[in-house]
Amino acid sequence: PREYATFQTKYAVYVKQKHVIDTGFFIRHSSGLTTDIFKLDRRGYLKAGYFADVLVFDPNGYVPKADYIHPAVLSEGVQELFVNGVAAVDNGKPTGATAGRPLPHTPPAGTCS
Numbered sequence: 009p010r011e012y013a014t015f016q017t018k019y020a021v022y023v024k025q026k027h028v029i030d031t032g033f034f035i036r037h038s039s040g041l042t043t044d045i046f047k048l049d050r051r052g053y054l055k056a057g058y059f060a061d062v063l064v065f066d067p068n069g070y071v072p073k074a075d076y077i078h079p080a081v082l083s084e085g086v087q088e089l090f091v092n093g094v095a096a097v098d099n100g101k102p103t104g105a106t107a108g109r110p111l112p113h114t115p116p117a118g119t120c121s
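Just add 8 to wherever you are in the sequence shown, counting from 1, and you've got our numbering.
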């Protein structure tokens with residue numbers, strides 16, 4: 009489920025169920041802060057000249073569906089998803105577009121590799 013539901017599980021548990029963090033904190037820690045930690049150049053922020061990776065989700069319907077028995081099940085609540093400016097999800101449906109690519113990085117010292 010890590011590949012298909014990590015962020016959705018974080019949102020469902022810590023924002024919706026336990027109310028430990030708010031939506032803004034979740035978004036910051038799931039986008040810009042993550043790219044800063046892993047030193048992913050021009051990603052994680054909505055800025056001119058950056059890669060256009062954008063997720064639009066329904067805050068009431070953004071729920072994980074993958075589990076250890078069914079690890080490759082897509083989550084619900086993703087309305088639009090753009091990867092490098094190409095629509096990967098449109099109106100809640102995968103488009104089949106494959107605009108992503110592996111992101112080479114060197115983990116910061118003292119972190120997991």
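Where a beta carbon is used, it is the ideal one built from N, C-alpha and C, also for glycine.
Endpoints, the alpha helix (DSSP H) within which residue i is located
i            : result
glutamine 16 : 10-18
aspartate 44 : 40-45
For residue i, the residue or residues it bridges with in DSSP
i           : result
proline 102 : Val97
valine 23   : Paired residue(s): none; valine 23 is not in a bridge.
valine 71   : Glu84
Endpoints, beta strand (DSSP E) assigned at residue i
i                : result
phenylalanine 65 : 62-65
glutamine 87     : 86-91
Other residues of its chain near residue i: CB distance less than 6 angstroms, five sequence neighbours each side excluded
i           : result
alanine 107 : Val91, Asn92, Val94
serine 38   : Phe15
Nearest-angstrom Cβ-Cβ length linking residue i and residue j, presumed shorter than 8 angstroms
i           : j          : result
alanine 74  : proline 9  : 4 angstroms
arginine 51 : glycine 57 : In fact, because the Cβ distance is near 11 angstroms, the residues do not count as touching under 8 angstroms.
Chain-order list of residues whose beta-carbon lies under 7 angstroms from that of residue i (same chain, five-residue window excluded)
i             : result
tyrosine 12   : Ala74, Pro79, Ala80, Val81, Leu82, Ser83
alanine 105   : Val94, Ala95, Ala96
threonine 103 : Ala95, Ala96, Val97
valine 71     : Gln16, Ala20, Ser83, Glu84, Gly85
leucine 111   : Leu48
Residues of its chain near residue i, where Cβ-Cβ distance is below 8 angstroms and the 5 sequence neighbours each way are ignored
i            : result
lysine 24    : none
aspartate 44 : Gly52
Exercise. Should the stretch 27-40 be called in touch with the stretch 96-109, which here means at least 3 C-beta pairs below 8 angstroms?
Worked result: Cβ pair count under 8 angstroms is below three, so no.
For this session: Decide yes or no for the touch test of the stretch 62-70 against the stretch 85-94: beta carbon pairs closer than 8 angstroms, at least 3 of them.
Result: The stretch 62-70, when compared against the stretch 85-94, does touch it at the 8 angstroms Cβ threshold.
For this session: Inspect the CB distances between the stretch 11-25 and the stretch 34-53 and report whether three or more fall short of 8 angstroms.
Result: Segments in contact, yes.
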